[in-house]
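Numbering (full-length UniProt numbering), first residue to last: 1 to 343.
Structure follows, in structure tokens:
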């Protein structure tokens, strides 16, 4: 049997295994069994990132889908979340899980396909392929699910700890450092590198950046191609992270130069992302920084100025869209004891 046909059979079996059985409900069934109005069902379904079938009579929903709708609406009924937040939370959860699922499926599918092709059974035997797919998925998926659950709980505990440690800050408007680290010349690199080389570059960048940010007591907010956005609870931690990032990239012969921008102040924390002028300032400073340099905003400069570990040098003011004038400083390690930062 051709490999593409094997893939199709494997895909069908994995879907059946993961979705808890065959789809058996249409749109009207889901509304009746959940007790949720159709408009709300559709809004939540789309929010989680799933398309609405054009055929209203099509059997596309499973018992697991029905249970998921009941779970999220139960959070609203219990007043854990506000009604107006319901769809936004579904959307954020869907976007996060979609990215996670993409690489997991790639790993599982490749593993299953290799096992089936390498097995001694006849690859033209559809029943044998289905049995193999079910068996391998049953071995692999629970492990991934358990690891995913553990990682979520560990991050939940860390986030709760940070919130408790800063009780004076509102949960949705904490004061923190925000930073961006950006690979210089990434666009031109994409024209020269093949897919394999580009994948390796991005993996090295994300791995190196994530490791340094975590060791520096920071948090990765998101990776966007050639750029990582991170936060830290203190200006000092953010400064150390930025300097360690630059040092690490300087040591990598095959990596482009890095530029970093940092800002300090209150931010809007919303569904795992950060917003506000502090975020915008950090982004503007990053795009304005020269290769291999770190720029910090005025507020963060004042926070770091009296720390002898850091040397801050004033650079020319920047006129950027959305801000009248930024007066950044360049951040370096203070290599000479007693050296004063420049005004």
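Glycine included, C-beta positions come from ideal geometry on N, C-alpha and C. The structure presented is a predicted model; accordingly, all values stated were derived computationally and were not measured.
> Helix, strand or coil for residue 263 per DSSP?
Replying inline: Here residue 263 refers to the residue found at position 263 when the chain shown is read from its first residue. In this structure, residue 263 counts as strand in the three-state DSSP scheme.
>> Whole angstroms are fine: how far does the CA of residue 152 sit from the CA of residue 95?
In response: Translated into positions along the chain shown, residue 95 becomes position 95. Translated into positions along the chain shown, residue 152 becomes position 152. Whole-angstrom Cα-Cα distance: 15 Å.
> Three or more beta-carbon pairs under 8 Å between the region 256 to 267 and the region 181 to 188, yes or no?
Replying inline: The region 256 to 267, when compared against the region 181 to 188, does touch it at the 8 Å Cβ threshold.
>> DSSP three-state label for residue 64, please.
In response: Here residue 64 refers to the residue found at position 64 of the chain shown. Correct three-state label for residue 64: helix.
> What did DSSP end up calling residue 178 once you bin it into helix, strand or coil?
Replying inline: Start at 1 with the first residue of the chain shown, and residue 178 comes out as number 178. Reduced to three states, the DSSP call for residue 178 is strand.
> Quick one, which of 205, 88, 326, 279 has its alpha-carbon nearest residue 251's?
Replying inline: Locating residue 251 in the chain shown gives position 251, where the first residue counts as 1. It is 205 whose Cα lies nearest to the Cα of residue 251.
>> Beta-carbon within less than 6 Å of residue 65's beta-carbon, same chain only, minus the 5 sequence neighbours each way: which residues are those?
In response: Counted from its first residue, the chain shown places residue 65 at position 65. So the list is empty, once near-sequence residues are dropped.
>> Quick check on the burial criterion: 16 or more other C-beta atoms within 10 angstroms. Buried or exposed for residue 326?
In response: Here the question's residue 326 lines up with position 326 in the chain shown. When all chains shown are included, residue 326 counts as buried.
> How many angstroms separate the CA atom of residue 174 from the CA atom of residue 222?
Replying inline: Translated into the one-based positions of the chain shown, residue 174 becomes position 174. Translated into the one-based positions of the chain shown, residue 222 becomes position 222. So the alpha carbons of these two residues sit roughly 18 Å apart.
>> Suppose contacts are defined by Cβ-Cβ distances below 7 Å. Is residue 304 in contact with residue 235 by that definition?
In response: Residue numbering aside, residue 304 sits at position 304 when the chain shown is read from its first letter. Residue numbering aside, residue 235 sits at position 235 when the chain shown is read from its first letter. A Cβ-Cβ contact shorter than 7 Å links residue 304 with residue 235.
> Can you name, in chain order, every residue of its own chain whose Cβ lies under 7 Å from the Cβ of residue 319, other than the five neighbours on each side?
Replying inline: Counting from 1 along the chain shown, the entry for residue 319 is found at position 319. Excluding residues within five positions, the ones whose Cβ falls inside 7 Å are 325.
> With 7 Å set as the bound, which would you pick, yes or no: does the beta-carbon of residue 229 sit closer than that to a beta-carbon of chain D?
Replying inline: The chain inventory of the structure shown lacks chain D, comprising one protein chain alone.
> For residue 87, which residues from the same chain have a beta carbon less than 6 Å from its beta carbon, with the 5 sequence-adjacent residues on both sides left out?
Replying inline: By one-based count along the chain shown, residue 87 stands at place 87. Within the same chain, residue 87 has close Cβ partners 43, 47.
>> Rounding to the nearest angstrom, what Cα-Cα distance links residue 209 and residue 245 in this structure?
In response: As a working note, residue 209 is residue 209 in the chain shown. As a working note, residue 245 is residue 245 in the chain shown. A direct Cα-Cα distance of roughly 7 Å separates residue 209 from residue 245.
> How big is the Cα-Cα spacing for residue 281 and residue 297?
Replying inline: Counted from its first residue, the chain shown places residue 281 at position 281. Counted from its first residue, the chain shown places residue 297 at position 297. Their Cα atoms are separated by approximately 7 Å.
> Mind pulling the alpha helix (DSSP H) runs of 4 or more residues that sit fully within the UniProt domain "Guanylate cyclase" (177 to 286)?
Replying inline: Correct list: 186 to 192, 195 to 215, 235 to 251.
> When you compare only the Cα positions, how much space is there between residue 32 and residue 53?
Replying inline: Sequence index remark: in the chain shown, residue 32 carries index 32 (1-based). Sequence index remark: in the chain shown, residue 53 carries index 53 (1-based). Their backbone Cα atoms lie some 17 Å apart in a straight line.
> How would you label residue 35, buried or exposed, when you count the other beta carbons within 10 angstroms and need 16 or more for buried?
Replying inline: Here the question's residue 35 lines up with position 35 in the chain shown. Exposed, because fewer than 16 other Cβ atoms sit within 10 Å of the Cβ of residue 35.
> Around the Cβ of residue 329, are there at least 16 other Cβ atoms within 10 angstroms (buried) or fewer (exposed)?
Replying inline: Locating residue 329 in the chain shown gives position 329, counting from the first residue. Buried is the call here.
> In this structure, does DSSP put residue 46 in helix, strand or coil?
Replying inline: The residue given as residue 46 occupies position 46 in the chain shown. It is helical.
>> Is the separation between the beta-carbon of residue 310 and that of residue 334 shorter than 7 Å?
In response: Counting from 1 along the chain shown, the entry for residue 310 is found at position 310. Counting from 1 along the chain shown, the entry for residue 334 is found at position 334. A contact, by the Cβ cut-off of 7 Å.
> What residues in its chain sit with their C-beta under 7 Å from that of residue 176, if we drop five residues either side in the sequence?
Replying inline: Against the chain shown, residue 176 aligns to sequence position 176. The answer, listed in chain order, is 231, 232, 233, 267.
>> Rounding to the nearest angstrom, what Cα-Cα distance links residue 40 and residue 273 in this structure?
In response: In the chain shown, counting from the first residue as 1, residue 40 sits at position 40. In the chain shown, counting from the first residue as 1, residue 273 sits at position 273. Distance between the alpha carbons of residue 40 and residue 273: 25 Å.
> Since residue 248 contacts residue 331 with CB under 8 Å, what's their CB separation in whole angstroms?
Replying inline: Walking along the chain shown from the start, residue 248 turns up at place 248. Walking along the chain shown from the start, residue 331 turns up at place 331. With a beta-carbon spacing of about 16 Å, residue 248 and residue 331 fall beyond the 8 Å limit used to define contacts.
> Going by the CB atoms, is the gap between residue 299 and residue 178 shorter than 7 Å?
Replying inline: Position 178 of the chain shown, counting from 1, holds the residue named residue 178. Position 299 of the chain shown, counting from 1, holds the residue named residue 299. Not closer than 7 Å, so no.
> Roughly how many angstroms separate the alpha carbons of residue 127 and residue 50, rounded to a whole number?
Replying inline: By 1-based counting over the chain shown, the position of residue 127 is 127. By 1-based counting over the chain shown, the position of residue 50 is 50. Their Cα atoms are separated by approximately 30 Å.
> Could you give the distance in angstroms between the alpha-carbon of residue 261 and the alpha-carbon of residue 295?
Replying inline: Counted from its first residue, the chain shown places residue 261 at position 261. Counted from its first residue, the chain shown places residue 295 at position 295. Separation of residue 261 and residue 295 (C-alpha to C-alpha, rounded to the nearest whole angstrom) is 5 Å.
>> Is it buried or exposed, residue 201, if we count other Cβ atoms within 10 angstroms and call 16 or more buried?
In response: As a position in the chain shown, residue 201 is number 201, starting the count at 1. It counts as buried.
> In the structure shown, what three-state DSSP assignment does residue 326 receive?
Replying inline: The residue given as residue 326 occupies position 326 in the chain shown. In the three-state scheme derived from DSSP, where H, G and I count as helix and E and B as strand, residue 326 is classed as strand.
>> Helix, strand or coil for residue 72? Go by DSSP, reduced to three states.
In response: Start at 1 with the first residue of the chain shown, and residue 72 comes out as number 72. Note: residue 72 maps to helix in three-state DSSP.
> Do you know whose CA, among 57, 24, 23, 73, lies nearest residue 37's CA?
Replying inline: Along the chain shown, one-based indexing puts residue 37 at 37. Comparing Cα positions, the closest option is 73.
>> I'd like to know whether the C-beta atoms of residue 56 and residue 23 end up nearer to each other than 7 Å.
In response: Within the chain shown, numbered from 1, the residue matching residue 56 stands at position 56. Within the chain shown, numbered from 1, the residue matching residue 23 stands at position 23. No, they are not a contact pair.
> residue 365 by DSSP, collapsed to three states: which one?
Replying inline: Nothing can be reported for residue 365, as the shown portion of the chain is limited to 1 through 343.
> To which residues does DSSP link residue 314 through a beta bridge?
Replying inline: Along the chain shown, one-based indexing puts residue 314 at 314. In DSSP, residue 314 forms a bridge with 329.
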